[in-house]
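For the sequence shown, the positions run -25 to -1, 1 to 576 when mature numbering (1 follows the signal peptide of the UniProt record, and there is no 0) is used.
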Amino acid sequence: MRFRRIGAALATVGAAALVLSGCSAPTAESGLDEGTSVDVAWNQPFFSYNGLTSFGNATANNNITYMTNDWFNYYDNTPELKQNESYGSYEMVSEDPLTVKYTLADDVKWSDGTAVDASDLLLSWAANSRSLDTPDFVPDDFTDPDTGEFTDAFPKDVVYFDSGAQADSGLGLVRDVPEISDDNRSMTLVYSSPYVDWELALYAPLPAHVVAKNALGLDDNEEAKAALVTAIQDNDAASLAKISSFWNSGFNFTELPDDPELYVGTGPYTISAFVADQYITMTANPEYTGQNTPTIEEVTVRFITDPLAAVQALENGDVDVISPQSTSDLVTALDAIENVTVLKGEEGTYEHLDLQFDQGKSGVFNDPLLREAFMKIVPRQEILDKLIKPIVGDEAILRGSQLFVPGSEGYDDSLDGNGSADYAEVDVEGAKALIAQSGATNLDVTILYASTNPRRVNEFALIQTSAALAGFNVIDGGNPEWGGILGTPGAYDASFYAWQSTSLGVTDSGPTFETGGINNHNFFSNADTDAAIKKLNLEFDPAKQIELKQEIDKILWENFYGVTLFQFPGVTAFNDSVTGIDPSILAPTIFWNIWDWKLAS
């Protein structure tokens, strides 16, 4: 299960309004109701079409790219991994060595009409394996602390795909250039060792022809694709440096780009309008030939940061669907609206506070004594009692594991041994003793969080007040652009946000807790953790998988990684004009079956 920074939990949106338009008769060929539209509120603006980089890896982005790009598989809301044979097929053709072949369906196209082929798959391997990267290059000195994006000083001769891939997991285990079939419709990956989540290793690609045209200064689509394939097969560092640079940053935008090729896709929808901080609109893709054909012609996602403003927009008819971060006031407000369906339940998302092991703004948490001291003053129970229990009542519990969901197999046993119980209650005197032992005089702690999120603002205030009792000077680092800043060296000392699961993969802990992982924003590095994760990547026995996860969980708490807080209470509401909404606990939650949404007749 890969994690994404959850937009709904940490972002905000600005209200704008378009009402649902009326229905017309569906076209006989496609089932599309021409002229129909639906408006959905989300709490964070879209800012990157590449959700596989450390900068773009956020739910607000991946909700959109999910609707605009097909792939070989996806999760339904059971949740079960479903193969999408209309996009193509994949199979394990050998166990030793692990060999997997992907074959594209004949008629799959990008929304500009360009055929999807093996050059696109090969680009996905190169970017998400990083097998061709310049060895030992670290980009920290070339990251803007205010935005999280790479600066213009980034070296031009370095090959660096910002995907966070690791050499001992996932596509990092495919170290040799994959073989492409003669008809350019399939690609075969040969792994250097077994990998338990092989079905989830390859990610939906960005368009190879667009990347190569922009990176290499070419005009013809086929020429560009051929040039990209040659650069990868020949390990042409000069060309790959340009290709990786564009892959990293070329798809970041906060309004509709002048170049429409920057948002071509393969999915049921394609981006058609985008106004900064207001909304992004997707229209049914005329080139789409897949199995997930939509009925509603136009979907507009409106950015509304305040949950109560989202409720008001729903009541006014300005939006038709909302799935905001829930608060007690929000639930009360929804209960007062007529002709609205409200779905409540626990999400596969959890809140956590992480401490910077290195590259912090003040460097205070380089000292494990101060990390432990700070964990002792985080008012976990007070946060739960004041912010979560009013929504879900006594069912609200502290989450005590970094890896296990409450109620899942292995969770209780992990809590018995991981040490999380030591931080269930605030211990001011214990924190003071550790601070004294450290001899530290600088106790400045800048905390990064989503300043536009009301619940996060309240969380920060509770943490700041409690920390002051032990002598910590907690500085407000709240920022509306917090997502892009995560992992930026020197920008903050701690952060709190939510991880949202995108799959049921066994190796979900790797990208977050292994050294250099794409989700490892706090520069945590531990040899024992890395070794356990490496074993987990290769372990097919469910009982041994649980044991390894429990081992990792214990190491994280023993090294004062930070604290887990609570599982998200989920609330989705929609008016009577739209049907087919059935959220999943996995990302992209409400959007997973966007093609099944219909307007009520």
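Every residue, glycine too, gets a C-beta built ideally from N, C-alpha and C.
Treat the numbers as computed from the prediction; the structure is a model and nothing was measured.
Go through its chain and collect everything with a Cβ distance to Asn433's Cβ below 7 Å, but skip five positions before and after it. Taking the first residue of the sequence shown as position 1, residue 433 is located at position 458. Taken in chain order, the residues that qualify are Leu362.
Same chain, Cβ closer than 8 Å to Ser337, neighbours up to 5 away in sequence not counted: If you number the sequence shown from 1, residue 337 lands on position 362. A distance below 8 Å between beta-carbons, with the five flanking residues on each side excluded, links Ser337 to the following residues of its chain, in chain order: Asn417, Asp419, Val420, Thr421, Asp468.
Less than 8 Å between the CB atoms is what I'm expecting for Leu272 and Glu9, so what's the real figure, rounded? For this step, residue 272 is matched to residue 297 along the sequence shown. For this step, residue 9 is matched to residue 34 along the sequence shown. Sequence check: residue 272 is Glu here, not Leu. Taking the Cβ atoms as the reference, Glu272 lies roughly 6 Å from Glu9, within the contact range of under 8 Å.
Look at Gln520 and Val481 and say whether their C-beta atoms are less than 7 Å apart. For the purposes of this step, residue 520 is identified with residue 545 of the sequence shown, where counting begins at 1. For the purposes of this step, residue 481 is identified with residue 506 of the sequence shown, where counting begins at 1. Yes, they are a contact pair.
Have a look at the DSSP bridge pairing and note the partners of Asp329. Against the sequence shown, residue 329 aligns to sequence position 354. Note: Asp329 sits in a beta bridge opposite Ser470, Gly537.
Neighbourhood of Phe471 by C-beta, 6 Å cutoff - its chain only, sequence neighbours within 5 removed: As a working note, residue 471 is residue 496 in the sequence shown. If we look at Phe471 and ignore the five residues flanking it on each side, its Cβ neighbours are Leu328, Tyr424.
Verify whether the separation of the beta carbon atoms of Asn18 and Thr280 is less than 7 Å. By one-based count along the sequence shown, residue 18 stands at place 43. By one-based count along the sequence shown, residue 280 stands at place 305. Against a cut-off of 7 Å, the Cβ pair of Thr280 and Asn18 comes out as a contact.
In the DSSP assignment, what residue or residues form a beta bridge with Trp17? Within the sequence shown, the letter at position 42 stands for residue 17. Phe278.
Residue burial classification, Asp108 (beta-carbon count within 10 angstroms, cutoff 16): For the purposes of this step, residue 108 is identified with residue 133 of the sequence shown, where counting begins at 1. Burial is judged here by how many other beta carbons sit within 10 angstroms of a residue's own beta carbon; Asp108 has at least 16 and is buried.
Which residue spans inside the stretch 53 to 106 form an unbroken beta strand (DSSP E) run of at least 3? List check, beta strand (DSSP E) in window: 56 to 58, 63 to 70, 73 to 79.
Span of the alpha helix (DSSP H) around Thr205: As a working mapping, residue 205 is identified with position 230 in the sequence shown. It spans 196 to 208 - the alpha helix (DSSP H) in which Thr205 sits, taken as one unbroken run.
Which of helix, strand or coil does DSSP assign to Ile438? Indexing the sequence shown from 1 puts residue 438 at position 463. Here Ile438 sits in helix by DSSP.
What's the C-alpha gap between Gly145 and Pro299? As a working note, residue 145 is residue 170 in the sequence shown. As a working note, residue 299 is residue 324 in the sequence shown. In this structure, the alpha-carbon of Gly145 lies about 33 Å from that of Pro299.
Does Lys509 pass the burial test, meaning 16 or more other C-beta atoms within 10 Å, or should it be called exposed? Locating residue 509 in the sequence shown gives position 534, counting from the first residue. So Lys509 ends up on the buried side.
Taking only runs that begin and end inside the stretch 132 to 216, name each unbroken beta strand (DSSP E) of 3 or more residues, in chain order. For the stretch 132 to 216, whole beta strand (DSSP E) runs of length 3 or above, ordered along the chain, are 161 to 165.
From this set, Ser383, Val403, Ala311, Phe379, which residue's C-alpha is nearest Ala348's C-alpha? Locating residue 348 in the sequence shown gives position 373, where the first residue counts as 1. When only C-alpha atoms are compared, the closest one is Val403.
Please report the straight-line C-alpha distance between Phe117 and Gly452, rounded to a whole angstrom. The sequence position of residue 117 within the sequence shown is 142, counting from 1. The sequence position of residue 452 within the sequence shown is 477, counting from 1. If you take the alpha carbons of Phe117 and Gly452, they lie about 21 Å apart.
My output table needs one value for Ser298: the three-state DSSP class, helix, strand or coil. Within the sequence shown, the letter at position 323 stands for residue 298. Reduced to three states, the DSSP call for Ser298 is coil.
Roughly how many angstroms lie between the CA atoms of Asn38 and Phe566, to the nearest whole one? Residue numbering aside, residue 38 sits at position 63 when the sequence shown is read from its first letter. Residue numbering aside, residue 566 sits at position 591 when the sequence shown is read from its first letter. Looking at the two C-alpha atoms, the distance is approximately 7 Å.
If we ignore side chains and look at the alpha-carbon of each, how far apart do Lys364 and Leu305 end up? Taking the first residue of the sequence shown as 1, we reach residue 364 at position 389. Taking the first residue of the sequence shown as 1, we reach residue 305 at position 330. Rounded to the nearest whole angstrom, the CA to CA distance from Lys364 to Leu305 is 13 Å.
Name the two residues that bound the continuous alpha helix (DSSP H) containing Thr264. As a first step, residue 264 must be located in the sequence shown, where it is residue number 289. Per DSSP, Thr264 belongs to no alpha helix (DSSP H) and is neither H nor E.
Glu322 versus Phe543 - alpha carbon distance: Taking the sequence shown and counting its residues from 1, the one referred to as residue 322 is at position 347. Taking the sequence shown and counting its residues from 1, the one referred to as residue 543 is at position 568. Spanning the two alpha carbons is a distance of roughly 5 Å.
For Pro257, count the other beta carbons within 10 Å of its own beta carbon; 16 or more makes it buried, fewer makes it exposed. Which is it? Stepping through the sequence shown from its first residue, residue 257 is reached at position 282. Looking at the sequence shown, residue 257 is not Pro but Met. When all chains shown are included, Met257 counts as buried.
Does the Cβ-Cβ distance between Gly139 and Ser29 come in under 7 Å? If you number the sequence shown from 1, residue 139 lands on position 164. If you number the sequence shown from 1, residue 29 lands on position 54. With contacts defined by Cβ atoms closer than 7 Å, Gly139 and Ser29 form a contacting pair.
C-alpha distance - Ala3 paired with Asp391, whole-angstrom precision: What you label residue 3 is simply residue 28 of the sequence shown in a count that begins at 1. What you label residue 391 is simply residue 416 of the sequence shown in a count that begins at 1. The pLDDT assigned to Ala3 is 33, lower than 50, so where the model puts this residue is not dependable; a value taken from the coordinates is nonetheless given after this. Rounded to whole angstroms, Ala3 to Asp391 spans 60 Å at the Cα level.
Taking 7 Å as the threshold (C-beta atoms), are Trp570 and Ser395 in contact? Position 420 of the sequence shown, counting from 1, holds the residue named residue 395. Position 595 of the sequence shown, counting from 1, holds the residue named residue 570. Taking 7 Å as the cut-off, the beta carbon of Ser395 is found no closer than this to the beta carbon of Trp570.
Comparing C-alpha positions only, which one of Leu561, Thr564, Trp572, Phe541 sits nearest to Asp551? If you number the sequence shown from 1, residue 551 lands on position 576. Just measuring C-alpha positions, the residue of Leu561, Thr564, Trp572, Phe541 sitting nearest Asp551 is Trp572.
Who are the Cβ neighbours of Gly375 in its own chain at under 6 Å, not counting the five residues just before and after it? Against the sequence shown, residue 375 aligns to sequence position 400. Around Gly375: Leu390, Ser395.
Delimiting residues of the beta strand (DSSP E) encompassing residue 605: Nothing can be reported for residue 605, as the shown portion of the chain is limited to -25 through 576.
Using a Cβ-Cβ cutoff of less than 6 Å, which residues in the same chain neighbour Phe249 once the five nearest sequence positions on both sides are dropped? Here residue 249 refers to the residue found at position 274 when the sequence shown is read from its first residue. These residues qualify, in order along the chain: Glu230, Leu231, Ile255.
DSSP puts Met257 in a beta bridge; with which residues? The count along the sequence shown starts at 1 and reaches residue 257 at position 282. Ile246, Val274, per the DSSP bridge assignment.
Buried or exposed for Thr440, please, with buried defined as at least 16 other CB atoms from any protein chain shown within 10 angstroms of its CB. Taking the first residue of the sequence shown as position 1, residue 440 is located at position 465. When all chains shown are included, Thr440 counts as exposed.
Are the stretch 81 to 88 and the stretch 168 to 176 touching, with three or more C-beta to C-beta distances below 8 Å? Touching, no, given that fewer than three Cβ pairs across the two stretches are closer than 8 Å.
Report all residues from its chain with a CB closer than 7 Å to the CB of Val165; omit the five preceding and five following residues, and keep chain order. As a position in the sequence shown, residue 165 is number 190, starting the count at 1. By the criterion of a C-beta distance shorter than 7 Å, Val165 is surrounded in its chain by Pro72, Thr74, Val149, Asp151, once the five residues flanking it on both sides are discounted.
Would you grab the beta carbon distance between Ile527 and Thr554 for me? Rounded to a whole angstrom, and I think it's under 8 Å. As a first step, residue 527 is located in the sequence shown; it is residue number 552 there, counting from the start. As a first step, residue 554 is located in the sequence shown; it is residue number 579 there, counting from the start. Not really, about 42 Å apart at Cβ, beyond 8 Å.
How far does the alpha helix (DSSP H) with Ile560 in it reach, from first residue to last? Against the sequence shown, residue 560 aligns to sequence position 585. Where Ile560 is concerned, there is no enclosing alpha helix (DSSP H), given that its DSSP letter is neither H nor E.
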